[in-house]
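If you count the sequence shown from 1, position 209 lands on 209 in full-length UniProt numbering, and the numbers rise without skipping.
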Amino acid sequence: MQDFGEMSSKEPKNYGEISTKNYRHKNRKNSNFNQEQSFRYQNFRKEYLSYFIGDAFSYLGSDRGKQIRRIIADQLIDLVQAHPRETELHIVAHSLGTVILWDLLFSERFDPKDPAHEIRDLIGKERGKLSLSSVTTMGSPIPFLNLTLGIDANQILKFITQHQSQRLLWNNLINSSDIIAYPIRPLFDSITDVSKILISDYYLEATGNIFDSVEIAAVVLNSINAHTYYLASDKVAKNIVETIYFDQHDYNNGNSYGNNT
Numbered sequence: 001m002q003d004f005g006e007m008s009s010k011e012p013k014n015y016g017e018i019s020t021k022n023y024r025h026k027n028r029k030n031s032n033f034n035q036e037q038s039f040r041y042q043n044f045r046k047e048y049l050s051y052f053i054g055d056a057f058s059y060l061g062s063d064r065g066k067q068i069r070r071i072i073a074d075q076l077i078d079l080v081q082a083h084p085r086e087t088e089l090h091i092v093a094h095s096l097g098t099v100i101l102w103d104l105l106f107s108e109r110f111d112p113k114d115p116a117h118e119i120r121d122l123i124g125k126e127r128g129k130l131s132l133s134s135v136t137t138m139g140s141p142i143p144f145l146n147l148t149l150g151i152d153a154n155q156i157l158k159f160i161t162q163h164q165s166q167r168l169l170w171n172n173l174i175n176s177s178d179i180i181a182y183p184i185r186p187l188f189d190s191i192t193d194v195s196k197i198l199i200s201d202y203y204l205e206a207t208g209n210i211f212d213s214v215e216i217a218a219v220v221l222n223s224i225n226a227h228t229y230y231l232a233s234d235k236v237a238k239n240i241v242e243t244i245y246f247d248q249h250d251y252n253n254g255n256s257y258g259n260n261t
């Protein structure tokens, strides 16, 4: 399993992290999710995100970003060389790591010698290359930062067409108290062929009703806790395991994760 936070075949490190749940239906939603509660205070969300943006634009800067992609490429190459019989790649990404992953896979902004191309070259349909089997993102600000990256459905489809031999499962985990986390499925809405990619925004229970807090400081503290919640959650860990061991054949026969665990 590759972790965009850390590149290791066994333990995730930390440029990010991931997981997945029940792909019976592309539009599956958690019935406990309170949309009105979780997405109120959009102005505060934007102000809080502005503090996060500094790190994001540090990555997007040409020199710093290229250094980060070089580190990731080297770690992934080392992983492949250490495990030559492995054929599947499962990526877990958290927070800014999800944006780096999004950029690495789909962006067309890189020059021909950028390490991003080395990473993509490891993934493919040909014998000897890795199959990108699943992606789990959590606490992801992808939609917010994609306003800068400008990645669209055509770029996503281009990657899938060139590199994917099987359906890609992508699950995006959202703690409803985490104001950094956004749903990403709308970014894929124009991709209607579920034989290519299956996207799910899965809403985890809130760690607290942050929007009823009187003090903004309390809101910030609770959201920080919510943003790191994924890394210590048994539910998230179970979700990741279910993603990795989910059988494509099971999906084709109408089974869900719930039937496999």
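Note that beta-carbon positions come from the ideal geometry of N, C-alpha and C, so glycine has one too. Predicted, not measured: the structure shown is a model, and the values here were computed from it.
Cβ-based neighbour list, residue 185, same chain, cut-off 6 Å, excluding 5 preceding and 5 following
As a working mapping, residue 185 is identified with position 185 in the sequence shown. Excluding the 5 residues flanking it on each side, residue 185 has same chain C-beta neighbours closer than 6 Å at 199 and 201, in chain order.
Stretch-stretch touch, CB-based, cutoff 8 Å, three pairs: the region 88–95 with the region 131–145:
Between the region 88–95 and the region 131–145 there are three or more inter-stretch CB-CB distances shorter than 8 Å, so the stretches are counted as touching.
Roughly how many angstroms separate the alpha carbons of residue 102 and residue 236, rounded to a whole number?
Position 102 of the sequence shown holds residue 102. Position 236 of the sequence shown holds residue 236. It is roughly 20 Å from the alpha-carbon of residue 102 to the alpha-carbon of residue 236.
Say whether the region 146–163 touches the region 171–188, bearing in mind that this needs 3 or more beta-carbon pairs closer than 8 Å, one atom from each stretch.
Contact between the region 146–163 and the region 171–188 is present, because at least three Cβ pairs lie under 8 Å.
Are residue 69 and residue 112 close, meaning C-beta to C-beta below 8 Å?
In the sequence shown, residue 69 corresponds to position 69, counting from 1. In the sequence shown, residue 112 corresponds to position 112, counting from 1. Their beta carbons are not under 8 Å apart, which means residue 69 does not touch residue 112 by this criterion.
Along the chain, which unbroken stretches of the alpha helix (DSSP H) at least 4 residues long are found entirely within the region 129–193?
The alpha helix (DSSP H) runs of length 4 or more contained entirely in the region 129–193 are, from start to end of the chain, 142–149 and 153–163.
State the DSSP-derived secondary structure class of residue 108, mapped to helix, strand or coil.
Walking along the sequence shown from the start, residue 108 turns up at place 108. DSSP places residue 108 in coil when its eight states are reduced to three.
Assign residue 75 to buried or exposed, taking buried as 16 or more other Cβ atoms, counted over all protein chains shown, within 10 Å of its Cβ.
Reading the sequence shown from its first residue, position 75 is the one you call residue 75. The residue is buried, with at least 16 neighbouring Cβ atoms inside 10 Å.
With DSSP run on the structure shown, which of helix, strand or coil describes residue 200?
For this step, residue 200 is matched to residue 200 along the sequence shown. Looking at residue 200 - three-state DSSP - the assignment turns out to be strand.
Since residue 91 is in the beta strand (DSSP E), which residue starts that stretch and which ends it?
As a first step, residue 91 must be located in the sequence shown, where it is residue number 91. First-last of the beta strand (DSSP E) with residue 91: 88–94.
Could you check if residue 85 is buried or exposed, using at least 16 other CB atoms within 10 Å of its CB as the buried criterion?
The residue given as residue 85 occupies position 85 in the sequence shown. In the assembly as shown, residue 85 is an exposed residue. Its beta-carbon has fewer than 16 other beta-carbons within 10 Å.
Could you check the C-alpha separation between residue 64 and residue 58 for me, to the nearest Å?
Reading the sequence shown from its first residue, position 64 is the one you call residue 64. Reading the sequence shown from its first residue, position 58 is the one you call residue 58. Answer to the nearest angstrom: the Cα atoms are 6 Å apart.
Residues in its own chain within less than 7 Å of residue 182 by CB, not counting five upstream and five downstream?
Position 182 of the sequence shown, counted from the first residue, corresponds to residue 182. Once the five neighbours on either side are set aside, the close Cβ partners of residue 182 are 140, 141, 142, 143 and 144.
Is residue 82 buried or exposed, if buried means 16 or more other CB atoms sit within 10 Å of its CB?
Here residue 82 refers to the residue found at position 82 when the sequence shown is read from its first residue. Using a 10 angstroms sphere on the CB of residue 82, the tally of other CB atoms stays under 16, which defines it as exposed.
Which partner residues does residue 123 have in the DSSP bridge list?
Here residue 123 refers to the residue found at position 123 when the sequence shown is read from its first residue. Bridge partners of residue 123 according to DSSP: 130.
Quick one: using the 10 Å Cβ neighbour count with 16 as the cut-off for buried, is residue 99 buried or exposed?
Walking along the sequence shown from the start, residue 99 turns up at place 99. Result: buried.
The ligand COA and residue 195: does any heavy atom of the ligand fall closer than 7 Å to the residue's C-beta?
This structure lacks the ligand COA, and indeed carries no ligand of any kind.
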